[in-house]
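For reference, each letter of the sequence shown is one residue, going -23 to -1, 1 to 155 in mature numbering (1 follows the signal peptide of the UniProt record, and there is no 0). Structure first, commentary second.
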Amino acid sequence: MESPARRLIRALAPCLVGLGVLASCGTDAPGSPDPGATVAVRGATPEVAPDEAAVTGGPRITDEESADVLLYISNQSFEDDRVRITVHIDGVRLVDDDFDVEGQHNWILFPVELAPGEHRIEAVSDTGASLEQTLTLPEGERRWAVLDYWFYPDQGDDQDDVPRMFTFEAYDHPVAFA
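Dropping the structure here:
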């Protein structure tokens, strides 16, 4: 049976994103990114070859300016300081790469070209964490999405552990990182 504290952590998991992400409505939003926060942009990883779905108009990595979805991925676990994360959208593998925790304040941007409509996001790690979620992209709109990997084991300090898991949030406005 799951403890009340663990149920609370699971219920608040999407809010954990707030520990590392400050949603903003643009550059006029109060607050500024932590100088230690970094966002790097990556194209398709070498292990991910174009496949039939991508060639025929399915999801694909593109340039930042023409992206419909700006997908940011981060490893937020000091315990698992390097994690291989694979992300599929609608069955097309777009990301298959190692993510280092570094100072925990780093996100890697994957600009994604995606048709309007409902899309299935699947993320798995080499540590066994997985997530399946739906992302809806309205016609003519852009989305900013953040996928974070978490793991904080019980340290014997009467604090409940956070299991190996992902959180995923999508926004209709840009996000700033702290």
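Cβ coordinates follow ideal geometry from the N, Cα and C atoms, glycine included. Source: prediction; values computed, not measured.
- Counting only residues of its own chain and dropping the five nearest sequence neighbours on each side, Phe128 has a CB closer than 6 Å to the CB of Ser54, Glu56, Asp57, Arg141.
- Around the beta carbon of His150, a 10 Å sphere encloses fewer than 16 other beta carbons of the protein chains shown; the residue is thus reported as exposed.
- Ala100 is positioned such that its CB atom lies closer than 8 Å to that of Leu124.
- A distance below 6 Å between beta-carbons, with the five flanking residues on each side excluded, links Arg61 to the following residues of its chain, in chain order: Asp75, Asp103.
- Spatial neighbours of Phe87 in its own chain (CB-CB distance under 7 Å, excluding positions within 5 residues in sequence) are listed in chain order as Arg19, Ile38, Leu48, Ile50, Leu71, Val72.
- Distance from the CA atom of Tyr126 to the CA atom of Ala153, rounded to whole angstroms, is 18 Å.
- The Cβ atoms of Arg120 and Ala147 sit closer than 8 Å to each other.
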